[in-house]
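If you're matching positions, the sequence shown starts at 165 in my numbering and goes up one per residue. Note sheet for the following structure.
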Amino acid sequence: MYEPRTFLDKLFLVIKGLAMGAANKVPGVSGGIVAFVGGFYEEFIYSLQKINIKAFKLLFNGRFKSFYRYVNGQFLALLIFGMLVSYFSVSKILDYFLERKELFVWSAFFGMILGSIYFISKDFKHWNRKTLTAGILGLIVGISISFLSPAKENDNLLFIFLCGMISVSGMTLPGLSGSFILILLGNYVLLLVDSVNALYDSMSEVIRGDFSFIKNEERLDTLMILAVFTAGSATGLVTLSHILTYVLKHYKHITTAVIIGFITGSLGVVWPWKRTIFKTNELGQILLDSNGKEIILNYQRYFPDFSNSETWWAIFFVIVGIFILLGLEWYGNNRKK
Numbered sequence: 165m166y167e168p169r170t171f172l173d174k175l176f177l178v179i180k181g182l183a184m185g186a187a188n189k190v191p192g193v194s195g196g197i198v199a200f201v202g203g204f205y206e207e208f209i210y211s212l213q214k215i216n217i218k219a220f221k222l223l224f225n226g227r228f229k230s231f232y233r234y235v236n237g238q239f240l241a242l243l244i245f246g247m248l249v250s251y252f253s254v255s256k257i258l259d260y261f262l263e264r265k266e267l268f269v270w271s272a273f274f275g276m277i278l279g280s281i282y283f284i285s286k287d288f289k290h291w292n293r294k295t296l297t298a299g300i301l302g303l304i305v306g307i308s309i310s311f312l313s314p315a316k317e318n319d320n321l322l323f324i325f326l327c328g329m330i331s332v333s334g335m336t337l338p339g340l341s342g343s344f345i346l347i348l349l350g351n352y353v354l355l356l357v358d359s360v361n362a363l364y365d366s367m368s369e370v371i372r373g374d375f376s377f378i379k380n381e382e383r384l385d386t387l388m389i390l391a392v393f394t395a396g397s398a399t400g401l402v403t404l405s406h407i408l409t410y411v412l413k414h415y416k417h418i419t420t421a422v423i424i425g426f427i428t429g430s431l432g433v434v435w436p437w438k439r440t441i442f443k444t445n446e447l448g449q450i451l452l453d454s455n456g457k458e459i460i461l462n463y464q465r466y467f468p469d470f471s472n473s474e475t476w477w478a479i480f481f482v483i484v485g486i487f488i489l490l491g492l493e494w495y496g497n498n499r500k501k
């Protein structure tokens, strides 16, 4: 059983949910990192693992309080509430800054990931032949993923369900960005931009008493895609949590070594100084897919120009990102006291 939470603990848990939701939406950033450095990763995984046959029996038998206690309901409810709020608030703000101050946003996330590597590595005293090999393998996989090229958009519902199962890995595996995986699968814009915006617009219209979207076939198709994606995500979240519970229980040091290597390898994905490469025709015009979206081929990374004042501002935000992680560590240490 977990210790009772104070009001401040509950508030911080919602804030951590906000951070996880925002991180999951940004390509290259993993919500799992937030859970890891926030000190609640294992509780998150073990709580999800409790969503099993026994939990469903309690639920179907009307034993709601027992179900709530069994799955650590307060923890999951506060965290998921923060994530949902994030998708309709923090992520909107994040989209705004990514569009206008992209370099600074990426710099802050780069700093946060640097900080998370320090956070996870500083107390890890179990380096040996096995863990070192695991760490190197994690590093190679992380680097390899950052150089893969995105596929084309695909709205087949079975594929959407699989996208949900795969992309949710960013919440359970620190260093693996679910949103970046969606870019590689070609469905980032469809699932994390268009679908979320469609739900937001529909909810806004319902609140105003406007139900005209029911006759909008395109909107309904997009909402169906979001529903299938959500179902896939929920399935993947529960399935992965059971696997990770076993792995953490029996191979904790090796798993931590893989995570350290993987997060280090993922730095290439969030390297701030990069340009988006779009597919173009012979005239240099950017080509669009069947849904009118620009087709991303990959990202071109480059070294910063230190004679440019913007570069120094970016470095400042890298430092800010590192200090955010140090602040989380300080909070975690003081909470234990």
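Just so you know, even glycine gets a beta-carbon here, dropped at the ideal spot from N, CA and C.
Straight-line gap, residue i to residue j (C-alpha atoms, nearest Å)
i	j	result
K189	F377	25 Å
T170	F228	23 Å
N380	V357	18 Å
S285	G299	11 Å
H414	K294	14 Å
V201	I244	18 Å
L177	F239	8 Å
A478	R465	15 Å
T409	E266	36 Å
L451	S471	34 Å
D385	I281	41 Å
K180	G448	43 Å
L322	I389	10 Å
I134	L312	What the structure shows of the chain is the stretch from 165 to 501, and residue 134 is not part of that stretch, so it cannot be assessed.
L337	F481	25 Å
E474	W270	13 Å
I197	M184	8 Å
L222	V332	26 Å
M367	I215	29 Å
S310	L346	13 Å
Y364	S253	10 Å
A199	I209	10 Å
I307	R372	48 Å
M329	T403	9 Å
V235	V411	20 Å
L355	W291	40 Å
L401	M335	8 Å
F224	E206	27 Å
I257	F268	14 Å
F487	A272	10 Å
G226	E263	48 Å
V427	F375	Per the sequence presented here, residue 427 reads as Ile, with Val not at that position. Their Cα atoms are separated by approximately 45 Å.
V353	E369	22 Å
S211	S359	28 Å
R233	A219	10 Å
Residues bridged to residue i (per DSSP)
i	result
R372	Per DSSP, none; premise fails for R372.
K438	R465
I450	T444
Proximity of residue i and residue j at Cβ, strictly below 7 Å
i	j	result
Q213	H406	yes
S230	S341	no
N361	E317	no
G302	G425	yes
M276	G485	yes
G246	L182	yes
P436	F274	yes
F325	V422	no
F283	L489	yes
L242	K289	no
C327	L296	no
The alpha helix (DSSP H) enclosing residue i, as first and last residue numbers
i	result
H406	381–414
L174	In the sequence on display, residue 174 carries Lys and not Leu. Note, K174: alpha helix (DSSP H), 171–189.
S275	The question names Ser, but residue 275 is Gly in the sequence shown. That run of the alpha helix (DSSP H) goes 266–285.
S250	237–252
S303	Here the sequence assigns Leu to residue 303, which means Ser is not the residue at that position. Run containing L303: 293–310, per the alpha helix (DSSP H) assignment.
I209	205–213
S341	Per DSSP, S341 belongs to no alpha helix (DSSP H) and is neither H nor E.
K221	217–224
R233	228–234
S331	321–331
I197	195–201
Would you check if the region 380–397 and the region 424–443 touch, i.e. whether three or more CB-CB distances between them fall below 8 Å?
no
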